[in-house]
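This report concerns only the one structure given below.
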Amino acid sequence: MARDITERINEAYGTLSKGQKRIAAVILEEYEKAAYLTAARLGKLVGVSESTVVRFADALGYDGYSEFQHAVQELVRTKLTPNQRIKMTNARIGGSDILECVMESDVSKIRYTLERLDRDTFNATVDAILSAKTIYITGARSTEPLARLFSYNLSLIFDNVKFINPTSSAEVFEQMFSIGEDDTLIAVSFPRYSSKIVNAARYARECNATVIGFTDAETSPLSKYSTLLISAQSDMAAYMDSLVAPLSIVNAIIVAITKKRGSEIVERFNRLEKIWDEYDVYTKR
80 MARDITERIN EAYGTLSKGQ KRIAAVILEE YEKAAYLTAA RLGKLVGVSE
130 STVVRFADAL GYDGYSEFQH AVQELVRTKL TPNQRIKMTN ARIGGSDILE
180 CVMESDVSKI RYTLERLDRD TFNATVDAIL SAKTIYITGA RSTEPLARLF
230 SYNLSLIFDN VKFINPTSSA EVFEQMFSIG EDDTLIAVSF PRYSSKIVNA
280 ARYARECNAT VIGFTDAETS PLSKYSTLLI SAQSDMAAYM DSLVAPLSIV
330 NAIIVAITKK RGSEIVERFN RLEKIWDEYD VYTKR
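For the sequence shown, our numbering gives the first residue as 80, with consecutive numbering after it.
Dropping the structure here:
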């Protein structure tokens, strides 16, 4: 599991300059103030130069200020309460057009995710789903709708999809009792991470199943138990995270599977269309 920013600061602290230690203090004690500042504005807040801020990010092992800033934002998402999130979001938006601000932010999340998502991992994820004896999928709380949508779309293509209802921890394990090395679990969890989903991933890994961790970063607790880790940027939209980028990846996975299955998918949907039509599943205009 990757180190979070607090661990990096603690490890590097003894080698930091006086100015860099002042930045570290702000990150550790007032990270919510620093999360969305440019390098220049963070330097102004702390009382150091912009170049000192950039060197600080480099000293912690980040590939530029953008990656460092993302790590601070991740710390915010995992630490702040819903009320603190709302207060911080309101401060960020200020008097701006809310619709434009939120939608432009969502676009930037998709772009950020696209630039950083490893294509080999994406392709391996598609193959793991295609080759699974049973496809288990689960998500809890705010990520449950995303997991259910993923499950629904997969169930249109496969007969071996099983959604794990996260009602209680005991029921999660009961529903996964038969999982084994030929199966795949898709575990969906974003900040604030659900212990039920993390434990489900742990159990599946202990049973030698393939675990696809669908989360926001390598520092997620899911990464420890994931065979494959799909990371998508999620960011605060008031008290909840925006799941636009994760949903876009779900769409891409479904499209990739559909393309690989080719004629099988066409035949399957031809049969489904006949059933839908015969039993008036959809309204006719």
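Every residue, glycine too, gets a C-beta built ideally from N, C-alpha and C.
For R190, the number of other beta carbons within 10 angstroms of its own is below 16, and it is reported as exposed. Around the C-beta of Y361, fewer than 16 other C-beta atoms lie within 10 Å, and the residue is accordingly described as exposed. Around the beta-carbon of T94, fewer than 16 other beta-carbon atoms lie within 10 Å, marking it exposed.
For T192, the uninterrupted alpha helix (DSSP H) segment begins and ends at I177 to R195.
The segment 94-106 makes contact with the segment 134-147, as at least three CB pairs between them are under 8 Å. Per DSSP, K241 lies in no alpha helix (DSSP H) segment; the continuous beta strand (DSSP E) that holds it begins and ends at V240 to F242. For V323, the enclosing alpha helix (DSSP H) begins and ends at V323 to R340.
With contacts defined by Cβ atoms closer than 8 Å, S313 and E297 do not form a contacting pair. Collapsing the DSSP output to three states places T94 in a helix. Boundaries around G122 are those of the alpha helix (DSSP H), A118 to V125, since no beta strand (DSSP E) includes it. The criterion of a C-beta distance shorter than 8 Å is satisfied by S268 and T294.
The residue from I258, D185, G122 and L326 with its alpha-carbon nearest to that of S230 is L326.
A contact is defined here as three or more CB-CB pairs under 8 Å, and the segment 256-268 fails this definition with respect to the segment 190-199. Our two residues, K241 and S257, have alpha carbons roughly 12 Å apart in a direct line.
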